[in-house]
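Visitor:
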Amino acid sequence: MKALIMTVAGTATRFNKDTSRDTLKCLYFQENSRYSLLYQILDKARSLDKYIIVGGYLFEELSAFINCNLQEFKDKIELVYNSHYEDYGSGYSLIKGIEAVPSECDEVIFVEGDLFYDGGSFEQVISSNNNVITVNREFITSRKSVVLYVDMNGHIHYLYDTKHLSLEIAEPFQAIYNSAQIWKFLSVERLSGVIRNLTPTQIRGTNLEIIQGYFESLPLDTMQFVPVNTWYNCNTVSDYNTVYSLIKQHEINK
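In case it helps, full-length UniProt numbering puts the sequence shown at residues 1 to 254.
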């Protein structure tokens, strides 16, 4: 069994500055609900067996949207509530998602819920026989990037500044990338072990605590780095409008 974990619990403060009413980034759409980020992500994951969607902020709106607009995916969806969406970091949503993974599941793909990406790149993630780390092609900046680098021992490290001010690498490194914030985990047992060993501080931290814990000691030859050709992190309505235009253009070119 292959499962998708998608986290959408955050309050979307930046995004809602430009909306007439508060909503979730993954639910916002123009014209038709199939142009929402939530639909786009699930549409590209049709070959997977289960979708675990972790919500928090506007949870009832999320549930209603699924019931009204995502009936074609309904049998695969498990909706999970994160009660700490306001006072914990993004890591707790991933923890709740991992806890909901069925025991018979042998692969997990984790996607942050405010992303848009091309189906071809995502299919490479699905079909890979390795653990997968994705990277995008954008410039690396402290304002926007989740950075990963490979140290001289071949270990993976992630960097992110929640204040979007600065990043620092205090050691030599072999390579540096801009994360596309999609990961594939081949060992659910290892993933569960990581969350069992988190400290109380880490539990309240970002999802990078868990991702770092999973990947940091894995040999590089057990991983595949997948570049995502088309990738957008929709932090604002303007970002979404760019994505919407891309989707419409793709439909015209079919």
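Note that CB positions come from ideal geometry on N, CA and C, so glycine has one too.
1) Residues in its own chain within less than 8 Å of valine 146 by CB, not counting five upstream and five downstream?
2) Does the Cβ-Cβ distance between leucine 167 and leucine 115 come in under 9 Å?
3) Can you tell me where the alpha helix (DSSP H) with threonine 7 in it begins and where it stops?
4) For the beta strand (DSSP E) containing threonine 134, name the first residue and the last one.
5) If you count every other CB in all the chains shown that lies within 10 Å of the CB of asparagine 233, and 16 or more means buried, which is it?
6) The beta strand (DSSP E) spanning aspartate 106 covers which residue range?
7) Considering only the alpha carbon of each residue, which of Thr201, Phe73, Ile53 and Glu107 lies closest to glycine 97?
8) Helix or strand or just coil, what does DSSP make of aspartate 151?
9) Reducing DSSP to helix, strand and coil, say where glycine 193 ends up.
10) Here's the rule I'm using: 16 or more other beta-carbon atoms within 10 Å means buried, otherwise exposed. How should methionine 6 be labelled?
11) Just verifying my parser: in three-state terms, what is the DSSP assignment at glutamine 71?
12) Between the alpha carbons of lysine 202 and leucine 218, how many angstroms are there, rounded?
13) Along the chain, where does the beta strand (DSSP E) that runs through proline 227 open and close?
14) If you draw a straight line from the C-alpha of glutamine 71 to the C-alpha of glutamate 78, how long is it?
15) Measuring alpha carbon to alpha carbon, tell me which of Thr206, Ile211, Leu148 and Thr23 ends up nearest lysine 163.
Guide: Taking the geometry as given:
1) Position 146 of the sequence shown holds residue 146. Counting only Cβ-Cβ distances below 8 Å, and skipping sequence neighbours, we find Tyr158, Leu159, Tyr160, Asn178, Ser179, Gln181 and Leu208.
2) If you number the sequence shown from 1, residue 167 lands on position 167. If you number the sequence shown from 1, residue 115 lands on position 115. Not closer than 9 Å, so no.
3) For the purposes of this step, residue 7 is taken as residue 7 along the sequence shown, with counting starting at 1. Looking at the DSSP string, threonine 7 is not in any alpha helix (DSSP H); the run it does join, the beta strand (DSSP E), is 2-7.
4) Taking the first residue of the sequence shown as 1, we reach residue 134 at position 134. Element bounds for threonine 134: 131-136.
5) Taking the first residue of the sequence shown as position 1, residue 233 is located at position 233. Buried, by the Cβ-count rule.
6) The count along the sequence shown starts at 1 and reaches residue 106 at position 106. No beta strand (DSSP E) holds aspartate 106; DSSP gives it neither H nor E.
7) Within the sequence shown, numbered from 1, the residue matching residue 97 stands at position 97. For the residues Thr201, Phe73, Ile53 and Glu107, the minimum Cα distance to glycine 97 belongs to Ile53.
8) Sequence index remark: in the sequence shown, residue 151 carries index 151 (1-based). In the structure shown, aspartate 151 sits in a strand (DSSP, three-state: E or B).
9) Translated into positions along the sequence shown, residue 193 becomes position 193. Correct three-state label for glycine 193: helix.
10) Within the sequence shown, the letter at position 6 stands for residue 6. Methionine 6 comes out buried.
11) Numbered from 1 along the sequence shown, position 71 holds the residue referred to as residue 71. DSSP places glutamine 71 in helix when its eight states are reduced to three.
12) Here residue 202 is taken as the residue at index 202 of the sequence shown, counted from 1. Here residue 218 is taken as the residue at index 218 of the sequence shown, counted from 1. In the sequence on display, residue 202 carries glutamine and not lysine. The alpha-carbon atoms of glutamine 202 and leucine 218 are separated by roughly 20 Å.
13) Translated into positions along the sequence shown, residue 227 becomes position 227. It spans 223-227 - the beta strand (DSSP E) in which proline 227 sits, taken as one unbroken run.
14) Within the sequence shown, residue 71 is the residue found at index 71, counting from 1. Within the sequence shown, residue 78 is the residue found at index 78, counting from 1. The straight-line gap from Cα to Cα measures roughly 13 Å.
15) Here residue 163 corresponds to residue number 163 of the sequence shown, with the count starting at 1. Selected option, being the one with the closest Cα: Thr206.
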